[in-house]
Each structure stands twice: as C-alpha cells, then as structure tokens.
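Residue numbers (this note's numbering): 25 to 441. All C-beta atoms in this analysis are idealised placements derived from N, C-alpha and C, irrespective of residue type, glycine included. Bear in mind the structure is a predicted one, so any value in this text is a computation, not a measurement.
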Amino acid sequence: MINASWLIIGRVVQMILSFVVGIFTARFLGPSNYGLINYGLAFVTFFVAFCNLGINSILVKEIVDSPEESGTILGTTCFLRFLSSVLCSVLIGISVWFIDYGESQTIIVVIICSISLIFQIPEVFNYWFQAHYQSKITAITSLISYSITSIYKIILLILKMDVKWFAFANTLDYIVYGAIIVCYYKKYKGPKLKICLSKGKMLLSKSYHFILSSAMIAVYMQTDKLMLKQMLTEAEVGYYSIANNICNMWVFVLAAIIDSMNPTIFRLYENKEYNLFTKTNKRMYCIVFYLSCIVSMGFLILGKYVVLILYGKSYSGAIGPLLVLTWYTAFSYLGVARNSWLVCKNAQKYLKYLYIGAAIINVVLNYCLIPIFGATGAAIASLITQVATSLIFPLVFRETRENAKLMLEAIVFKGIK
C-alpha cells in the first residue's frame, strides 16, 4: 500500500506541475510552435515500442524469479536498449528528413526529441527498485527530475527562448532522471552489471510479442498528430494536444479507482467467487463510465470557457476537439478497467488483435475526417476507435466476448446490485 501511495503522490504532483507549466508554455509558444513540439514527441513515440524491445513488460518478473541473475538481466537489457536506441534515433533522423524535407525547424525539433531515446536507458533500473518494493525511490526520482525540467521551462519563458530549447526539455527530463536513478542504484548497492548474449536471446524470446502490441498502441495513439501535421498544419496539432491535455487533467481519479478495486477482483477470482467477481467488475465499469460521463457533461457546458481562460483566444481551435475527446475518456478507461479481467482469464494475448484493429480503423478514419473537420475530425476518429476497441472488437473473439457483454450490461445497470 505504501509502495502504491508513493507512486500515486508522485504522479499527482507531477501532473499538477505539468499542467500549470504547460499552460504558460502553450500560451508563450502559440498553437504552431506548441503543435510542432507535440509533433516531434509523437514522431519519437512511434519508435519507442521498438526501442524498448518489449522487455519492460517482463523485467520485474524476471528479476523476482531470478534474483541471483538480476545484474546480468539488467546489464544485458541496458546493452540491448543502447543498440536499439541508437538504431531508432538514426531511423528517426532519416525518416523526418524524407517526410518533412525542406522544413529545417521541424527536422531539428524532431531530432532533438529523438535524443531522449538514448537517455531513457537508465529507466531499466526502475524495475529493479520495483522488484524490491522500492517504488518510493522511482517516485522521488521522477518528481525531482520533472521539477528541474519545470524550472528549466520557466527560465526559458522568462528569457523568451526559441522553440528548439523547449523541445530539449523532454530530453533534459530523461537526462536528470537517469543520473539520479543510477546514483540511487549505486547507493542501494545494486548488483554489478554484466552482459550475456544468451540471456539477451532469452529475454527477446519472451518479450518480442509485446513489441507488436506496443507498436499498435503507438499507431492509434499518435497517428492523429502525425497526420494532422502532414495533412494540415502544426497549429492543428497544437489545438488537438491542448484538448487532450485538458481531458487528461483529472484521469488520475479513474486510475486510482481502478487500482483500488483490482486487488479485490483478483482475490475474488482466486477464491472462485465467480458471481461476486462478475458483479464487482460490472460495478467498476459502471463507476468509471458514468463518472466520466458526468465530467464530460461539465466539459460540454464549460469547455469553451476552460480553453479561453486557461490558454487564450489563440487556442479557440481546441474547443471543438475538446468537446469530442472528453467522451473518449469514458471508453478509454473502460479499456484500462478491463485489464484485470483479462489477466484473471489469461486472455491478455487478445489485446494485440484489438490494438491492430484499432490502429487500422484509426488511420482510415483520420484520413477521411481530418481534411473535412481538422483537429475535430481527429478527435472524432479517436472516439470511434476507442468505442470499437472497448465494446465492438472484443465481440469478435469468444474469449473476450463475455467481457464486452459485461461492459454493456454495466452501462445499462444490469446486474449491478
């Protein structure tokens, strides 16, 4: 419980810092430059799935299962991540050179953002601390690094620096984080790092299928920003990003609700109390869905004023996307809430098929809607994609069909009491 509390506290403080500093940054940069930075981050995120090699998903379990080999596991992972980071950084540079040929500022911003991939390698040590129930360390490290990055952004605002300096902020966050986490690792006498090629092959054999899932998530989560930039302008990316930020400013509440109910769900299934297990899942879905709907109604009424007061008239283009994206949250967090059910039923493997379907439909919808509705079109595409991923695609597979039915029943209050 204490372990989880530190993570939650760190996340909340970081979100508040991010939101407040983000408002002033967005107002200073304006929609075009703010959109350019978010385009760069989206471009890099596209490659993160391949850069991480899916190993992050299995590291804690590997360290817990083989504590005597943790030094070899961590050292080998760092080595593999270094190779993949360098390769992905080069590929990003080549890709942006061809895709945005002639747009020197765009190319520079994307390359600056891509440097962060190399400095993300020390994140590997997070999993050693998690395996030893020391999430307090990672929470403190994250908070310190983000605080320093926030101070850096404030200095840039005071000095009225160029957009390229703001693009470096994300990389700076990882540099500071990496330096601190490595110091903590040495302080807590972490095992000596070793590189073993056979261990690397073993890790990749267990993690490769996570790469596809992560890549598909990146496609349907980031393709909207990339397509907005290519089909319209950076300003549209800026409007869309602001709408996204506003929608996400309260979702830690949903995450806390889900995290608090998950242990009960796991215990009920383990104790074979299947009726209560089903009812508890329905209750969680019902709470998540209708709490999201209540907040969405608030944004529907006040969204225009939230955008204009916080970000100014220059971001009035974010109002349309906000009024659509706010409904996205309800279905997005139904998907998050579903994960505990999938784990209990050992049906996680079907997630990759859901994500592949989501990626395809999102790209097609963005291609059709962005030219007509701009950033609002991208928001509509995201909403339809999330509804399909949470409620429609699961009906295709027999193993996940039951969960889709549970969600639909929860929405109409069937079997809640």
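DSSP three-state label for Cys310, please. If you number the sequence shown from 1, residue 310 lands on position 286. Three-state result, Cys310: helix.
8 Å Cβ shell around Leu104 - same chain, five flanking residues per side excluded: As a working mapping, residue 104 is identified with position 80 in the sequence shown. Answer for Leu104: Leu77, Ile79, Gly224, Leu227, Leu228, listed in chain order.
How many whole angstroms separate the CB atoms of Gly59 and Gly262, which I take to be in contact at a CB cut-off of 8 Å? Here residue 59 refers to the residue found at position 35 of the sequence shown. Here residue 262 refers to the residue found at position 238 of the sequence shown. In this structure Gly59 touches Gly262 by the C-beta definition: roughly 3 Å separates them, less than 8 Å.
Evaluate contact between the region 214 to 223 and the region 89 to 103, counting only Cβ atoms and requiring at least three cross-stretch pairs below 8 Å. yes
Below 8 Å on the Cβ atoms is my contact criterion, and I expect Ala50 with Tyr264 to pass it. Report the Cβ-Cβ distance as a whole number of Å. Working through the sequence shown from its first residue, we reach residue 50 at position 26. Working through the sequence shown from its first residue, we reach residue 264 at position 240. Contact flag wrong, Cβ pair sits at about 12 Å.
For Trp121, report the span of its alpha helix (DSSP H) as first-last. Numbered from its first residue, the sequence shown carries residue 121 at position 97. Looking at the DSSP string, the run of the alpha helix (DSSP H) that includes Trp121 is 94 to 123.
Given a cut-off of 9 Å, decide if Thr413 and Tyr379 are closer than it, judged by their beta-carbon atoms. Counting from 1 along the sequence shown, the entry for residue 379 is found at position 355. Counting from 1 along the sequence shown, the entry for residue 413 is found at position 389. It is a contact, given that the beta carbons lie within the stated cut-off.
How long is the line joining the alpha carbons of Leu334 and Ile266, rounded to whole angstroms? Counting from one through the sequence shown, the residue named residue 334 turns up at place 310. Counting from one through the sequence shown, the residue named residue 266 turns up at place 242. Between Leu334 and Ile266, the C-alpha separation is close to 10 Å.
Under 9 Å between C-beta atoms of Pro443 and Leu256: Only positions 25 to 441 of the chain appear in this structure, which leaves residue 443 out of reach.
Measure the alpha-carbon distance for His156 versus Thr69 and round it to whole angstroms. In the sequence shown, the residue the question calls residue 156 occupies position 132. In the sequence shown, the residue the question calls residue 69 occupies position 45. When rounded, the distance between both Cα atoms is 29 Å.
Straight-line Cα distance separating Ser109 from Leu115: In the sequence shown, the residue the question calls residue 115 occupies position 91. In the sequence shown, the residue the question calls residue 109 occupies position 85. Approximately 10 Å between the Cα atoms of the pair.
Rounded to whole angstroms, what's the CA-CA distance from Ala382 to Gln410? Just pull it up for me. Along the sequence shown, one-based indexing puts residue 382 at 358. Along the sequence shown, one-based indexing puts residue 410 at 386. Rounded to the nearest angstrom, the two C-alpha atoms are 7 Å apart.
Jot down the residue ranges of each uninterrupted alpha helix (DSSP H) in the region 189 to 257, minimum 4 residues, whole runs only, in chain order. 221 to 255
Report all residues from its chain with a CB closer than 6 Å to the CB of Met308; omit the five preceding and five following residues, and keep chain order. By one-based count along the sequence shown, residue 308 stands at place 284. Excluding positions up to five away in sequence, the list reads Met285, Ala361.
Per DSSP, what kind of secondary structure is Asn272 in: helix, strand or coil? What you label residue 272 is simply residue 248 of the sequence shown in a count that begins at 1. If DSSP states are grouped into helix, strand and coil, Asn272 belongs with the helices.
Which one of Leu432, Leu53, Gly341 has the shortest CA to CA distance from Met190? Counted from its first residue, the sequence shown places residue 190 at position 166. One detail in the question is off: residue 190 reads as Phe in this sequence, not Met. Nearest option by C-alpha distance: Leu53.
Quick one: what does DSSP say Met39 is sitting in, helix, strand or coil? Translated into the one-based positions of the sequence shown, residue 39 becomes position 15. Of the three classes helix, strand and coil, the one that applies to Met39 here is helix, per DSSP.
Determine the contact status of Ile132 and Trp121, defining contact as a CB-CB distance below 9 Å. For the purposes of this step, residue 132 is identified with residue 108 of the sequence shown, where counting begins at 1. For the purposes of this step, residue 121 is identified with residue 97 of the sequence shown, where counting begins at 1. No, they are not a contact pair.
For Val45, does the count of other Cβ atoms within 10 angstroms reach 16, so buried, or fall short, so exposed? Translated into the one-based positions of the sequence shown, residue 45 becomes position 21. With 16 or more other Cβ atoms within 10 Å, it is buried.
What does the alpha-carbon distance come out to for the pair Leu300 and Phe421? Mapped onto the sequence shown, residue 300 falls at position 276. Mapped onto the sequence shown, residue 421 falls at position 397. Distance between the alpha carbons of Leu300 and Phe421: 24 Å.
Say whether the region 319 to 334 touches the region 34 to 41, bearing in mind that this needs 3 or more beta-carbon pairs closer than 8 Å, one atom from each stretch. no
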